[in-house]
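Heads up, the thing below is written out as structure tokens.
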Amino acid sequence: MTKVSPMHKEIDKETATSLLGFWVYMMTDCILFASLFAVFIVLKNNTAGGSNGAELFSLPFVLMQTLILLTSSFTSGLAMLAAQRSRIKDTFIWLGATGILGASFLALEINEFTKLDHSGSSWRTSGFLSSYFTLVGTHGLHITVGLLWLAGILFYIYKKGLNETSVKRLTMFSIFWHFLDVVWIFIFSVVYLLGVN
Amino acid sequence: MLSIFSAAEVPGTDRMVLLFGQLMVVGAGLLIGLALIYFKKVGWLWKNWLTSVDHKKIGIMYLVVAGVMLLRGLADTVLLRFQQATSSGASHGIVSSDHFQQIFTAHGTMMIFFVAMGLVFGIINLIVPLQIGSRDVAFPLLNNLSFWMYAAGAILINLSLVFGGEFAATGWLAYPPLSELQFSPGVGVDYWIWSIQIAGIGTLLSGINFITTILTKRAPGMTMMKMPVFVWSVLAAMSLVAAAFPILTVTLVLLTLDRTIGTHFFTTTGGGNAMMYVNLIWAWGHPEVYILILPAFGIYSEIVATFSRKRLFGYASMVYAIIAITALSFVVWLHHFFTMGAGADVNAFFGIMTMVIAIPTGVKVFNWLFTMYRGRINFASPMIWFIGFVITFSIGGAAGVMLGVPPIDFQLHNTLFLVAHFHTMIVGGALFGYFAGIVYWFPKVFGFKLDEKLGKLAVYLWIAGFICAFTPLYILGLMGATRRLDHYDASLGWQGLFIVAGVGVLIIFAGVGVQLLMFYKSIRNRKKNIDKTGDPWNGRTLEWATSSPAPVYNFAAIPTVTDRDEFYRVKQLKLKLPKRKFSAIEMPNNSPFGIFMAGWALMFAFSVIWHFPPTIILAVLGIVITFLVRSFNDNTTYLISAAEVEAIENKRVGALL
Numbered sequence: 001m002t003k004v005s006p007m008h009k010e011i012d013k014e015t016a017t018s019l020l021g022f023w024v025y026m027m028t029d030c031i032l033f034a035s036l037f038a039v040f041i042v043l044k045n046n047t048a049g050g051s052n053g054a055e056l057f058s059l060p061f062v063l064m065q066t067l068i069l070l071t072s073s074f075t076s077g078l079a080m081l082a083a084q085r086s087r088i089k090d091t092f093i094w095l096g097a098t099g100i101l102g103a104s105f106l107a108l109e110i111n112e113f114t115k116l117d118h119s120g121s122s123w124r125t126s127g128f129l130s131s132y133f134t135l136v137g138t139h140g141l142h143i144t145v146g147l148l149w150l151a152g153i154l155f156y157i158y159k160k161g162l163n164e165t166s167v168k169r170l171t172m173f174s175i176f177w178h179f180l181d182v183v184w185i186f187i188f189s190v191v192y193l194l195g196v197n
Numbered sequence: 198m199l200s201i202f203s204a205a206e207v208p209g210t211d212r213m214v215l216l217f218g219q220l221m222v223v224g225a226g227l228l229i230g231l232a233l234i235y236f237k238k239v240g241w242l243w244k245n246w247l248t249s250v251d252h253k254k255i256g257i258m259y260l261v262v263a264g265v266m267l268l269r270g271l272a273d274t275v276l277l278r279f280q281q282a283t284s285s286g287a288s289h290g291i292v293s294s295d296h297f298q299q300i301f302t303a304h305g306t307m308m309i310f311f312v313a314m315g316l317v318f319g320i321i322n323l324i325v326p327l328q329i330g331s332r333d334v335a336f337p338l339l340n341n342l343s344f345w346m347y348a349a350g351a352i353l354i355n356l357s358l359v360f361g362g363e364f365a366a367t368g369w370l371a372y373p374p375l376s377e378l379q380f381s382p383g384v385g386v387d388y389w390i391w392s393i394q395i396a397g398i399g400t401l402l403s404g405i406n407f408i409t410t411i412l413t414k415r416a417p418g419m420t421m422m423k424m425p426v427f428v429w430s431v432l433a434a435m436s437l438v439a440a441a442f443p444i445l446t447v448t449l450v451l452l453t454l455d456r457t458i459g460t461h462f463f464t465t466t467g468g469g470n471a472m473m474y475v476n477l478i479w480a481w482g483h484p485e486v487y488i489l490i491l492p493a494f495g496i497y498s499e500i501v502a503t504f505s506r507k508r509l510f511g512y513a514s515m516v517y518a519i520i521a522i523t524a525l526s527f528v529v530w531l532h533h534f535f536t537m538g539a540g541a542d543v544n545a546f547f548g549i550m551t552m553v554i555a556i557p558t559g560v561k562v563f564n565w566l567f568t569m570y571r572g573r574i575n576f577a578s579p580m581i582w583f584i585g586f587v588i589t590f591s592i593g594g595a596a597g598v599m600l601g602v603p604p605i606d607f608q609l610h611n612t613l614f615l616v617a618h619f620h621t622m623i624v625g626g627a628l629f630g631y632f633a634g635i636v637y638w639f640p641k642v643f644g645f646k647l648d649e650k651l652g653k654l655a656v657y658l659w660i661a662g663f664i665c666a667f668t669p670l671y672i673l674g675l676m677g678a679t680r681r682l683d684h685y686d687a688s689l690g691w692q693g694l695f696i697v698a699g700v701g702v703l704i705i706f707a708g709v710g711v712q713l714l715m716f717y718k719s720i721r722n723r724k725k726n727i728d729k730t731g732d733p734w735n736g737r738t739l740e741w742a743t744s745s746p747a748p749v750y751n752f753a754a755i756p757t758v759t760d761r762d763e764f765y766r767v768k769q770l771k772l773k774l775p776k777r778k779f780s781a782i783e784m785p786n787n788s789p790f791g792i793f794m795a796g797w798a799l800m801f802a803f804s805v806i807w808h809f810p811p812t813i814i815l816a817v818l819g820i821v822i823t824f825l826v827r828s829f830n831d832n833t834t835y836l837i838s839a840a841e842v843e844a845i846e847n848k849r850v851g852a853l854l
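Sequence order for the protein chains is V and X.
The numbering used here applies: residue 1 is where the first sequence begins, and numbers increase by one.
The numbering used here applies: residue 198 is where the second sequence begins, and numbers increase by one.
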């Protein structure tokens, strides 16, 4: 890579266009989650004789999930920095860490879902639980897609190295991953913190 | 699984109508397939069209699919009108209640999602990159994928006729609890859900694509306030797409979950809330109305300026009106269900907001009229479409303001008055605009003009037929006729008006026939109507600055813009043709990515509808693998050398500069 002075540090036009497009996509995803939050808030008290949030949620468990996800965002940031400095080994390490943390988060979520289902509180139980599983599950689905995407990027970098394309894709992934973090903060507050009261 | 192929017990005439539909779908598919093989055109079609990422070709493909769907939707109209004209008193018409419901549901769904949306995106694709002086859209491959998602939705809705033989009988927005499994156990609602879910995702991707295109791909010098009004209207409509379509996606997913895994979002039991669906679907649905009409406003703005040979009156106010309509369209959704019982304060708010939209819309109408004032108007057929639009749209708009008053709405809710109102807006407003746009830009796309004589005859037939078909519905609505009636008592005295409405539809049909004849005759006589200049109407904006049809790269040299009517300004300067130097142009490669992805999506949807997990898994795997394969393809562009560009440019029949 040639060195450029900060004054002329321009990303090339194609990349800028792609990133703008990706940001617009992120905004549409934001509205998707906003709709699901609205649905959750409407149905929150419709427990239809089933359990409510205070009976079902364990805050320490969710706090652990939250910390794991926040850490994975931090490591994905470190991976970005390493990639921009063309340090391929560091990029791999931090992306690997991001992947492992993301997968652990997902494992915890699946564990929680299964426990709820087995204790007789499934999405079939009530409007409240339908919206709970759908909102949190949609976030989980995004995490799953993110992990698949991450695997694809790792494979790509392994094959082709850190070129412009891989850095561009990594940037988008990073935006996506941070976004999921922000959404999770809202889930943590709206679903869990307000839910146990 | 065998139930896929055999329709449930369907009685007499219904069976014939259904069989006819099945034969049409299967027959048309077979015929096209055989013709392609016979003329050895399969490879040509695949290479030059289906996998093309050229926005102009994608635009044409949108128009073709939308045209076919328009004919299908119109065929439904004939059945509906015939039923209502004959099913009075002792006679019960030709179709059963249940089948009648399926027909009006299919009619609404097809006309909105596959005709109106298809025409909008067709015209946007054809014109926006040319008007902003760009070589293509921001993401050409994504554009191809969007088209195929739309086409996959259209295929799925037609498959419902063949596999299963039933469609939703719920109305075009499938309100629960009727659309829940408990009351609609068949696959009809699932077909409805998935055909618009897939097409909707395609629309969303298109929206993202065009927002990015307009923001980043404009020619140098074209500031936001120098963009043609059509481009502004598209930017506004695409912002609405980006903001509203995710809500549709969520709503459809929730209904799917209710129907497939037993959640309780909109059910009558288990803490569901059916009115939440109605709120959600209209939070998408109202902006959708403006997604359809705003580009039509943009088209009229271009046409009125060109054919009045004047600069558009009040450009800035046009732009602000568009922005105002865009913002307001998100705070009026509740007027679709004032009768929900939200209370006087809420209804008053939404009622006032609804009426406020009439203000920016009125600004636009007056701007068009002032543009015409003291202009040298050329009454070509696009201009006549416009005049027809102003009249019908003003009537429909006034009816809309009436419906926006909650106490009046309480009386008119769910009557034919409402049906007449929204048809006035979508047919007399949006559809007339698309037709005008197609006639106006046809020479740009195909290189020859359409037959003006038949074109004008078509406009007059459409306007006359439209007025004849929908005025009776306003009256019937005021008399208390509810919408979606398949039978009424003879003593009500409605039959005469229903018959008049039926005659109106026949006149519209004649109009469509004349339009088809117009295309046929114009193509046959294309040598006579050839457009050598690239500028057949004395146009004002950049799309007319290149040849007709435009070369694959649109502009050999990207123009620099200094004026709103840039091309008109350049023409006034009467510049001599400068000796031009050409440089090589990089263009995106064609790719089958979009067609594969949409194919997997179609397989996914079809498998979910029929609850068949193996192919669901296969489709998901297919999507992942297709993505992976594409991401390793670094060879995504090709170069047109300077010599080739020069050869193409020299072949231009009449260079303008």
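By construction, the Cβ of each residue, glycine as well, lies at the ideal position given by its N, Cα and C atoms.
From a predicted model like this one, the values you see are computed outputs, not experimental measurements.
The residue among X:PHE643, X:THR759, X:PHE752 with its C-alpha nearest the C-alpha of ILE720 (chain X) is X:PHE643. Residue environment for LYS646 (chain X): buried (at least 16 other C-beta atoms within 10 angstroms of its C-beta). In the structure shown, THR460 (chain X) adopts coil according to DSSP, grouped into three states. Three or more pairs of CB atoms, one per stretch, sit closer than 8 Å, so the region 442-453 of chain X contacts the region 401-408 of chain X. ALA539 (chain X) and GLY77 (chain V) have their C-alpha atoms roughly 47 Å apart. Each residue's CA atom was taken as its position, placing ARG456 (chain X) and ILE143 (chain V) some 25 Å apart. Per DSSP, the continuous alpha helix (DSSP H) segment holding GLU649 (chain X) begins and ends at 649-676. Per the DSSP secondary-structure output, MET784 (chain X) pairs in a beta bridge with X:TYR835.
Any Cβ of chain V closer than 8 Å to the Cβ of HIS533 (chain X) would place that residue at the interface, and such an atom is absent.
Under the three-state reduction of DSSP, SER285 (chain X) is assigned to strand.
GLY195 (chain V) and PHE61 (chain V) do not touch by the CB rule: their CB atoms are close to 13 Å apart, not below 8 Å. Chain V places no beta carbon closer than 8 Å to that of PHE706 (chain X), leaving this residue out of the contacts.
Shown in chain order are the members of the region 35-52 of chain V whose Cβ falls below 7 Å from a Cβ of chain X: SER35, LEU36, VAL39, VAL42, LEU43, ASN46, THR47, ALA48.
CA-to-CA, the gap between LYS238 (chain X) and TRP246 (chain X) works out to about 11 Å. Assigned with DSSP and collapsed to three states, TYR570 (chain X) falls in coil, not helix or strand. Think of a sphere of 8 Å around the beta carbon of ARG124 (chain V): the chain X residues whose beta carbon falls inside it are ILE458, GLY459, THR460, HIS461, GLY467, in chain order. Judged by their CB atoms, ILE705 (chain X) and ALA282 (chain X) are not nearer to each other than the 8 Å cut-off. Taking 8 Å as the CB threshold, MET172 (chain V) stays off the interface with chain X. Among the CB atoms of chain X, one or more fall inside 8 Å of the CB of THR134 (chain V). DSSP places THR612 (chain X) within a strand segment (E or B) once states are collapsed to three. Interface residue (Cβ-Cβ distance to chain X less than 8 Å): LEU148 (chain V) is classified as such. Counted as a single uninterrupted DSSP element, the stretch harbouring TYR192 (chain V) is not any alpha helix (DSSP H), since DSSP gives it neither H nor E.
Contact note: SER86 (chain V) does not reach chain X at a C-beta cutoff of 9 Å; the least C-beta distance is about 19 Å. Spanning the alpha carbons of MET172 (chain V) and SER788 (chain X) requires a straight line of approximately 23 Å. With contacts defined as CB atoms closer than 8 Å, ILE820 (chain X) and TRP797 (chain X) qualify as a contacting pair. Neighbours of LEU180 (chain V) in chain X, taken as residues whose beta carbon is under 7 Å from its own, are absent, since the nearest beta carbon is some 16 Å off. Under the Cβ distance rule, ILE405 (chain X) counts among the residues neighbouring chain V, one pair being separated by less than 8 Å. It is roughly 9 Å from the alpha-carbon of LEU70 (chain V) to the alpha-carbon of TRP184 (chain V).
Beta-bridge partners assigned by DSSP to ILE727 (chain X): X:PHE645. Looking from the CA of SER131 (chain V), the closest CA among X:ILE405, X:GLY469, X:ALA335 belongs to X:GLY469. Excluding sequence positions up to five before and after GLY140 (chain V), its CB lies within less than 7 Å of the CB of LEU106, GLU109, all in the same chain and listed in chain order. Excluding residues up to 5 positions away in sequence, TYR372, PRO373, THR448, LEU451, LEU452, PHE462, PHE463 lie with their Cβ nearer than 8 Å to the Cβ of TYR474 (chain X) in the same chain. In the DSSP assignment, the residues bridged to TYR685 (chain X) are X:SER285. If you compare the alpha carbons of X:GLN328, X:SER288, X:PRO492 with that of SER430 (chain X), the shortest gap goes to X:PRO492. The DSSP-derived three-state label of THR679 (chain X) is strand.
Counting the other Cβ atoms within 10 Å of the Cβ of LYS159 (chain V) gives fewer than 16, which makes it exposed.
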